[in-house]
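Report on the following structure.
What follows is the structure, given as structure tokens:
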């Protein structure tokens, strides 16, 4: 929204400047050429200066994100930080990153200040030039005193518009650098989980899952294969347990079936149809149900948490019972607050409905 406002202001000031230049030309073509002839030089200089400021602003925004990341990481892993007595080290790291941010924003503020100061100096000098040149034309009887005053009024309008543009430009530098990063993310093409369109009719859905010669490595560690030539068949109604040491790929198998990731090689099929040909939302809403090791509850009512993923679920479908309401202190319709701690089995009942 702020970017739209800035763009609209720039368009408004540009139209006003063009209108004033037309009136200047009607009053005195000679003075207009003198006044307008200097503007392109200033515009080019300002554009080059603006490019430098935008790059500096982007660096400051990026550094600001690093500071937030350091703080967030430390708080999220506060137990680990305390266990290893790393409080002072984390604090020092945070202070160093804050100092870098402070330095970058200081440079940015100084650059914007110098840009606006130089702009105002030029614009005030332009008015002085108009007064001097116009005075010479009045002495030579080329321009009347009345036309000079009208010319000066229009020139001052241009000067105020340019001054306001320099201020808007300074604010816009920060906005454009932030929006640029957002647009960069929005333009990213999803590498994983592109949805197909096919849906298996309910009357013909069996539920057989087949993993054939699956190879997989995470994008952050492409050289480390988590799964190598995995083959597995899970039949309808079958209960299986995947066992292995930490990092063996147990959770990875579940993530691949959920289509959070795509295998590097191999195929995963549901009733003989490859998962990447199926509608992902249909697959997750109607076929796959997941209860994680540490279930997550959202800050809404227990009732809403139970029917999360199927908002139109009926009371019977939600499978609620009096024991669940009793275990959650009767807060079935109340809000789940962050400070409320439920036992894992109660969380699992809520997630599983």
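Residue numbers (my numbering): 1279 to 1631. Glycine included, C-beta positions come from ideal geometry on N, C-alpha and C.
Next item on the list: Mind reading off the beta-carbon distance from residue 1359 to residue 1368? Whole number of angstroms is fine, and I expect it under 8 Å.
Entry: Sequence index remark: in the chain shown, residue 1359 carries index 81 (1-based). Sequence index remark: in the chain shown, residue 1368 carries index 90 (1-based). Rounded, the Cβ-Cβ distance is 6 Å, consistent with contact.
Check: residue 1486 by DSSP, collapsed to three states: which one?
Finding: Taking the first residue of the chain shown as 1, we reach residue 1486 at position 208. Note: residue 1486 maps to coil in three-state DSSP.
Check: Across which residues does DSSP place residue 1545 in a beta bridge pair?
Finding: Within the chain shown, residue 1545 is the residue found at index 267, counting from 1. Its beta-bridge partners are 1490.
Notebook entry, point to check: Under three-state DSSP, which class holds residue 1362?
Noted result: Stepping through the chain shown from its first residue, residue 1362 is reached at position 84. Note: residue 1362 maps to coil in three-state DSSP.
Check: Looking at the structure shown, is residue 1579 part of a helix, part of a strand, or coil, going by DSSP?
Finding: Residue mapping note: residue 1579 aligns to position 301 of the chain shown, counting from 1. Residue 1579 falls in the strand class under three-state DSSP.
Item checked: Start and end residues, alpha helix (DSSP H) containing residue 1556 -> Residue 1556 sits at position 278 when you count from the first residue of the chain shown. Note, residue 1556: premise wrong, no alpha helix (DSSP H); not H, not E.
Notebook entry, point to check: My guess is that residue 1527 and residue 1505 are in contact by the Cβ rule of under 8 Å, so how many angstroms apart are they, rounded?
Noted result: Position 249 of the chain shown, counted from the start, is the residue given in the question as residue 1527. Position 227 of the chain shown, counted from the start, is the residue given in the question as residue 1505. Right, the Cβ-Cβ distance comes to about 5 Å (below 8 Å), so this counts as a contact.
Checklist line | Collapsed DSSP secondary structure at residue 1419 in the structure displayed | finding: On the chain shown, position 141 is the one that residue 1419 refers to. Residue state, collapsed to three classes: coil.
Note to self: Suppose contacts are defined by Cβ-Cβ distances below 8 Å. Is residue 1520 in contact with residue 1535 by that definition?
What the structure shows: As a position in the chain shown, residue 1520 is number 242, starting the count at 1. As a position in the chain shown, residue 1535 is number 257, starting the count at 1. Not closer than 8 Å, so no.
Notebook entry, point to check: Secondary structure at residue 1507, three-state DSSP: helix, strand or coil?
Noted result: The count along the chain shown starts at 1 and reaches residue 1507 at position 229. Here residue 1507 sits in strand by DSSP.
Checklist line | DSSP-derived helix/strand/coil call for residue 1463 | finding: By one-based count along the chain shown, residue 1463 stands at place 185. Residue state, collapsed to three classes: helix.
Item checked: Inter-residue CB distance, residue 1514 and residue 1485 (contact presumed, cutoff 8 Å) -> Position 236 of the chain shown, counting from 1, holds the residue named residue 1514. Position 207 of the chain shown, counting from 1, holds the residue named residue 1485. With 8 Å as the limit, residue 1514 and residue 1485 qualify as a contact, their Cβ atoms being about 4 Å apart.
Notebook entry, point to check: At a cut-off of 7 Å, is residue 1391 close to the ligand FAD when judged by its beta-carbon and the heavy atoms of the ligand?
Noted result: The ligand content of the structure shown is nil, which means the ligand FAD is not present either.
Checklist line | At least 3 beta-carbon pairs within less than 8 Å: the segment 1340-1356 vs the segment 1373-1387 | finding: yes
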